[in-house]
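In order, the protein sequences belong to chains A and B. Numbering-wise (this note's numbering), the first sequence opens with residue 672 and increments by one. Numbering-wise (this note's numbering), the second sequence opens with residue 672 and increments by one. Glycine included, each C-beta is placed from N, C-alpha and C at the ideal position. What follows is a set of notes on a single structure, which appears directly below.
Protein chains: 2
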Amino acid sequence: MRIGELATRVGLSRDALRFYEQVGILSSDRLANGYRDYPPEAVPWLEYVRTAQALGFSLAEIAEHGEELTEASDQAAALSALFADKVRIIDTRMTELAALRAELTARAGTDCPLRKQPTPVARAGRRSGFPG
Amino acid sequence: MRIGELATRVGLSRDALRFYEQVGILSSDRLANGYRDYPPEAVPWLEYVRTAQALGFSLAEIAEHGEELTEASDQAAALSALFADKVRIIDTRMTELAALRAELTARAGTDCPLRKQPTPVARAGRRSGFPG
DNA sequence: CTAAACAGTGGAGTGCGGTCCAAGGTCAAG
DNA sequence: CTTGACCTTGGACCGCACTCCACTGTTTAG
């Protein structure tokens, strides 16, 4: 598959794919004419990359994981471990969000939700410390 | 309070504070000598900014919210509404994370977790489509 | 009086994750 | 043989959120 087809299949720009190659996330064979050639497996791989990105992994981290994977003797086990790692990261993130949520709901109900927040700006004449 | 004190109090650099002023998140009065002068309320305001950032709001968005706040006739109500908005955003995010988590755990247990993921690279000779 | 610690400005640089562009090569259809 | 779609490269540029720097002014302690 050439770059244009891959790009439309995964919903990325050709530029993005070339960029991914630069940063070590994606590799390609070359056709006789120099065009990049991708195996069908590139599609699920890029879907995986997108998932990882959605989880907050940087492209550098994803590339690292990819290398670990290619070096692992047991691919399936390595990937399972990677997934387990991600699940732990998700759990951490969800916990943080839950804490923030609790804080916000607690304050939203109060008379002055600003106990620890920006004191209401005086009705007239914006004071400093705030956007203005 | 001058910039240095505020910076150490909120754990930001002086440069960051000046940057926040540039982008409309923070304002300051000036002393006779030209030094920035901040009211004590700047501290909780910046804590709020950090919270909002943690929730994934861009500084531009935070600045926007800040303006809405300064323009609101009922400050407390406006902030409560803002908080409620954020709680909804958190909920959405948590739902997304839960979905990803479910997908990952489902796959991590399987024989070949790659049904929709990068097909295992051949043991020898890395194929293209993967990090390489 | 001087040195240090603080403040000001403008502008350049950073890292991330790309996008855009110009100049050119390749290939199939008409 | 030309047109158009596709591909190549390198390099410039973008937005975000800062950070660092040089150079200058102010204040305070010894």
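Residue burial classification, ASP782 of chain B (beta-carbon count within 10 angstroms, cutoff 16): Here residue 782 of chain B corresponds to residue number 111 of the second sequence, with the count starting at 1. Low local confidence applies: a pLDDT of 43 at ASP782 of chain B is under 50, so the model's placement there is unreliable, with the coordinate-based value given in what follows. With fewer than 16 other Cβ atoms within 10 Å, it is exposed.
Touching by the beta-carbon criterion (3+ pairs, under 8 angstroms), the stretch 710-723 of chain A and the stretch 685-698 of chain A: yes
The alpha helix (DSSP H) that contains ALA734 of chain A, what's its start and end? Walking along the first sequence from the start, residue 734 of chain A turns up at place 63. Taken as a continuous stretch (DSSP letters only), the alpha helix (DSSP H) holding ALA734 of chain A covers 730-742.
Which residues mark the beginning and the end of the alpha helix (DSSP H) in which VAL694 of chain A is found? Start at 1 with the first residue of the first sequence, and residue 694 of chain A comes out as number 23. That residue, VAL694 of chain A, is in no alpha helix (DSSP H); it is neither H nor E in DSSP.
From the DSSP output, in three-state form, read off ARG701 of chain A for me. Residue 701 of chain A sits at position 30 when you count from the first residue of the first sequence. Of the three classes helix, strand and coil, the one that applies to ARG701 of chain A here is strand, per DSSP.
Quick check on ASP782 of chain B: does DSSP put it in helix, strand or coil? Taking the second sequence and counting its residues from 1, one reaches residue 782 of chain B at position 111. Residue confidence for ASP782 of chain B is low, a pLDDT of 43 falling below 50, so the modelled location carries little weight; the figure read from the coordinates is stated next. If DSSP states are grouped into helix, strand and coil, ASP782 of chain B belongs with coil.
Residue-chain proximity (ALA687 of chain B, chain A), Cβ-Cβ < 8 angstroms: Residue numbering aside, residue 687 of chain B sits at position 16 when the second sequence is read from its first letter. Closer than 8 angstroms: no.
Inter-residue spacing [alpha-carbon to alpha-carbon] between GLU738 of chain B and GLU732 of chain B: As a first step, residue 738 of chain B must be located in the second sequence, where it is residue number 67. As a first step, residue 732 of chain B must be located in the second sequence, where it is residue number 61. Looking at the two C-alpha atoms, the distance is approximately 10 angstroms.
Which residue wins for smallest C-alpha separation from ALA703 of chain B, given the options B:GLU735, B:GLY727, B:ARG673? Taking the first residue of the second sequence as 1, we reach residue 703 of chain B at position 32. For the residues B:GLU735, B:GLY727, B:ARG673, the minimum Cα distance to ALA703 of chain B belongs to B:ARG673.
Contact list for THR722 of chain A against chain B, beta-carbon separation under 9 angstroms: Translated into the one-based positions of the first sequence, residue 722 of chain A becomes position 51. Under the 9 angstroms cutoff, chain B gives LEU771, GLU774, LEU775, GLN788.
Which same chain residues end up closer than 6 angstroms to ARG707 of chain A when comparing Cβ atoms and leaving out the 5 residues on each side of it in sequence? Counting from one through the first sequence, the residue named residue 707 of chain A turns up at place 36. Cβ within range, chain order: ILE674, SER699.
Among B:ARG680, B:LEU726, B:SER729, B:GLN693, the one whose alpha carbon lies nearest that of PRO711 of chain B: Here residue 711 of chain B refers to the residue found at position 40 of the second sequence. It is B:ARG680 whose Cα lies nearest to the Cα of PRO711 of chain B.
Do you know how far the Cα of LEU726 of chain A is from the Cα of ARG689 of chain B? Counting from one through the second sequence, the residue named residue 689 of chain B turns up at place 18. Counting from one through the first sequence, the residue named residue 726 of chain A turns up at place 55. Looking at the two C-alpha atoms, the distance is approximately 32 angstroms.
Let me check one thing: in DSSP terms, what residues is ASP762 of chain B bridge-paired to? Counting from one through the second sequence, the residue named residue 762 of chain B turns up at place 91. DSSP lists no partner for ASP762 of chain B.
Element boundaries [alpha helix (DSSP H), containing LEU726 of chain A]: As a working mapping, residue 726 of chain A is identified with position 55 in the first sequence. Per DSSP, LEU726 of chain A belongs to no alpha helix (DSSP H) and is neither H nor E.
Would you mind telling me which residues of chain A sit closer than 9 angstroms to ARG764 of chain B, beta carbon to beta carbon, in chain order? Here the question's residue 764 of chain B lines up with position 93 in the second sequence. Those within 9 angstroms of ARG764 of chain B in chain A are ARG764, MET765, LEU768.
Need the endpoints of the alpha helix (DSSP H) that ARG673 of chain A sits in, please. Position 2 of the first sequence, counting from 1, holds the residue named residue 673 of chain A. Taken as a continuous stretch (DSSP letters only), ARG673 of chain A belongs to no alpha helix (DSSP H), as it is neither H nor E.
Could you give the DSSP three-state label for ASP708 of chain A: helix, strand or coil? By one-based count along the first sequence, residue 708 of chain A stands at place 37. The answer is strand: DSSP assigns ASP708 of chain A an E or B state.
Distance cutoff 8 angstroms, beta carbons only. Does PHE690 of chain B sit that close to anything in chain A? As a first step, residue 690 of chain B must be located in the second sequence, where it is residue number 19. No - not a single Cβ of chain A is within 8 angstroms of the one on PHE690 of chain B.
With 16 other Cβ atoms within 10 Å as the buried cut-off, status of ALA773 of chain A: Looking up residue 773 of chain A in the first sequence gives position 102. Exposed, since its Cβ has fewer than 16 Cβ neighbours within 10 Å.
Using the beta-carbon of each residue, which ones in chain A are nearer than 8 angstroms to VAL758 of chain B? Within the second sequence, residue 758 of chain B is the residue found at index 87, counting from 1. Under the 8 angstroms cutoff, chain A gives ARG772, LEU775, THR776, ALA779.
Quick check on this structure: which residue in A:PHE728, A:THR776, A:ALA777 has the alpha carbon closest to the alpha carbon of LEU753 of chain A? Counted from its first residue, the first sequence places residue 753 of chain A at position 82. Of the candidates A:PHE728, A:THR776, A:ALA777, the one whose C-alpha sits nearest the C-alpha of LEU753 of chain A is A:PHE728.
Could one say the Cβ of PHE754 of chain A lies closer than 8 angstroms to chain B's Cβ atoms, at least one of them? As a first step, residue 754 of chain A must be located in the first sequence, where it is residue number 83. Yes, PHE754 of chain A counts as interfacial toward chain B.
How about LEU750 of chain A and TYR709 of chain A: do their beta carbons lie closer than 8 angstroms? The count along the first sequence starts at 1 and reaches residue 750 of chain A at position 79. The count along the first sequence starts at 1 and reaches residue 709 of chain A at position 38. Contact: no.
Do LYS757 of chain B and LEU740 of chain A count as a contact pair if the criterion is CB distance below 8 angstroms? Within the first sequence, the letter at position 69 stands for residue 740 of chain A. Within the second sequence, the letter at position 86 stands for residue 757 of chain B. Against a cut-off of 8 angstroms, the Cβ pair of LYS757 of chain B and LEU740 of chain A comes out as no contact.
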